[in-house]
Amino acid sequence: VFKNLGFNIKLSNHVYDKYGYLSGKDIDRANDLMNMFIDPSVDMILCSRGGYGSMRILPYLDFNIIKNNPKIFGGFSDITVLLNYITSKCGFTTFHCPMLSSNFKNIYTFKNFLELLMNDFTSYEISNPNFVPLLSQTNDIVEGNLVGGNLSLICNTLGTPYEINTMDNILFLEEISEPPYKIDRMLTQLILSGKIKSCSGLILGQFTNCNIDNCEKDFSLDE
Numbered sequence: 001v002f003k004n005l006g007f008n009i010k011l012s013n014h015v016y017d018k019y020g021y022l023s024g025k026d027i028d029r030a031n032d033l034m035n036m037f038i039d040p041s042v043d044m045i046l047c048s049r050g051g052y053g054s055m056r057i058l059p060y061l062d063f064n065i066i067k068n069n070p071k072i073f074g075g076f077s078d079i080t081v082l083l084n085y086i087t088s089k090c091g092f093t094t095f096h097c098p099m100l101s102s103n104f105k106n107i108y109t110f111k112n113f114l115e116l117l118m119n120d121f122t123s124y125e126i127s128n129p130n131f132v133p134l135l136s137q138t139n140d141i142v143e144g145n146l147v148g149g150n151l152s153l154i155c156n157t158l159g160t161p162y163e164i165n166t167m168d169n170i171l172f173l174e175e176i177s178e179p180p181y182k183i184d185r186m187l188t189q190l191i192l193s194g195k196i197k198s199c200s201g202l203i204l205g206q207f208t209n210c211n212i213d214n215c216e217k218d219f220s221l222d223e
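So for the sequence shown, full-length UniProt numbering puts the first residue at 1; every next one is plus one.
Right, here's the structure in full:
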């Protein structure tokens, strides 16, 4: 699809590696990411998929080099920790966006992605898609920088140098394939750590496959 739109595609050196349950050794994956930031022929770094393992490469990244070579960097899910820390540490915007292995079959997602990518917007209004219900607890206007992403990754980095900064920011959360009790536990952790209280607003995105079927005594995700 991207080639048909006129984009040139460059794969990282270890993109097809396999190392146990990881997609390559930590140092190799970190070097691949660093090389993409340094490479002057690369304008955008789009992650292929999430899963597990992005946290492990954090100690191997030179964030001064990344800061001096800003470019479009996008992904979601397991990429959450990289997006938030690069934005916080390096001072440029990263993008919580579709990845190569997911979401581009959705017309709404693909259309908005291309509009943002191909045009020089100073502002952009994102309207809620008709197929996703929107519920709001307030009619107030909430302002702040947008931070967040995958709930598990955000909780996993609490107490580390890479934990998320929610102070006066709008926090958005998403998750996949976690039962309600784990969602409850992670949200409680964010509350106890002060991350919810310090943010200016909270957005709950899609929580996919996070209900337990046929369990009458369990709380549902909505509850």
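A virtual CB, placed ideally from N, CA and C, is assigned to each residue, including glycine.
Close-in-space but distant-in-sequence residues of the same chain around CYS210 (CB under 8 Å, 5 per side omitted) = Around CYS210: GLU175, ILE176, SER177, GLU178, PRO179, PRO180, ILE183 and LEU221.
key: GLU125, enclosing alpha helix (DSSP H) - first and last residue   = Per DSSP, GLU125 belongs to no alpha helix (DSSP H) and is neither H nor E.
message = Give me the residue from SER54, MET55, GLY51 and PHE73 with the minimum Cα distance to MET36.
response = If you compare the alpha carbons of SER54, MET55, GLY51 and PHE73 with that of MET36, the shortest gap goes to PHE73.
message = Measuring straight from C-alpha to C-alpha, what distance separates ALA30 and ASP62?
response = Their Cα atoms are separated by approximately 9 Å.
Sequence-distant residues of the same chain with beta carbon closer than 6 Å to residue 227, five excluded per side = Not covered by the structure: residue 227. The range shown for the chain is 1 to 223.
request  = Can you tell me which of the three DSSP states TYR52 falls into?
outcome  = Three-state result, TYR52: coil.
message = For the structure I just gave you, are there three or more beta carbon pairs, one from the region 105-124 and one from the region 134-142, closer than 8 Å?
response = By the C-beta criterion, the region 105-124 is judged not to be in contact with the region 134-142, since fewer than 3 inter-stretch pairs fall below 8 Å.
ask   = Candidates ASP26, ILE191 and ILE45: which alpha carbon is nearest LEU202's?
value = Distances from the CA of LEU202 to each of ASP26, ILE191 and ILE45 were compared; the closest alpha carbon is that of ILE191.
key: Residue of ASN156, PHE172, THR93 and THR157 minimising C-alpha distance to VAL142   = Closest option to VAL142, Cα to Cα, is PHE172.
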